[in-house]
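Student:
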């Protein structure tokens, strides 16, 4: 199995859930209102800087993970082409995992 960790702006959550659903990912966990700092800047979740991130965790078969990653890469490329060199607030990580219970 593989674990995917998807970090993105909360505002992208609906698009990401639709993308996952369209690519056969039926189970995942979402953490919303996550703050931090990355290449697209700091997210504070305050009145003056209301942006926050979401993190999606999914444990998938290697084939499912590859399909989801490919779709996420396509989404990233599409947004990057339209962004005029503005960093896209979307990162995807994967690593092997084992289910124990």
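Numbering (the numbering used here), first residue to last: 63 to 163. Note that beta-carbon positions come from the ideal geometry of N, C-alpha and C, so glycine has one too. Since the model is a prediction, treat every value here as computed from it, not as a measurement.
1) Under 7 Å Cβ to Cβ from residue 96, same chain only, skipping five residues before and after it: list those, please.
2) Can you list, in chain order, the residues of its chain with a C-beta nearer than 7 Å to that of residue 127? Leave out the 5 residues immediately preceding and following it.
3) Quick check for students: name the residue ranges of the beta strand (DSSP E) that lie wholly in the stretch 86-161, counting only runs of 3 or more.
4) Would you kindly report the start and end of the unbroken alpha helix (DSSP H) that includes residue 72?
5) Within its chain, find whatever has a CB closer than 7 Å to the CB of residue 142; leave out the 5 residues flanking it on each side and keep chain order.
6) Kindly list the residues whose CB is nearer than 7 Å to the CB of residue 98, restricted to its own chain and excluding five residues on each side of it in sequence; keep chain order.
7) Residues in the same chain with beta-carbon distance under 7 Å from residue 180, minus the five sequence neighbours each way, listed in chain order, please.
Tutor: Checking against the coordinates, here is how it stands:
1) Take residue 96, set aside five residues on each side of it, and the residues of its chain with a beta-carbon closer than 7 Å to its own are 114, 115, 116, 117, in chain order.
2) Annotation for residue 127: 64, 66, 156 place their beta carbon closer than 7 Å to its own, counting only its chain and skipping 5 residues before and after.
3) Counting whole runs of 3 or more residues, the stretch 86-161 contains the beta strand (DSSP E) stretches 91-96, 98-100, 103-105, 115-122, 152-158.
4) Segment: none, residue 72 is in no alpha helix (DSSP H) and carries neither H nor E.
5) By the criterion of a C-beta distance shorter than 7 Å, residue 142 is surrounded in its chain by 150, once the five residues flanking it on both sides are discounted.
6) Apart from sequence neighbours up to five positions away, the residues of its chain that approach residue 98 with a beta-carbon distance below 7 Å are 105, 115, ordered along the chain.
7) Beyond the ends of the chain as shown, which are 63 and 163, falls residue 180; an answer cannot be given.
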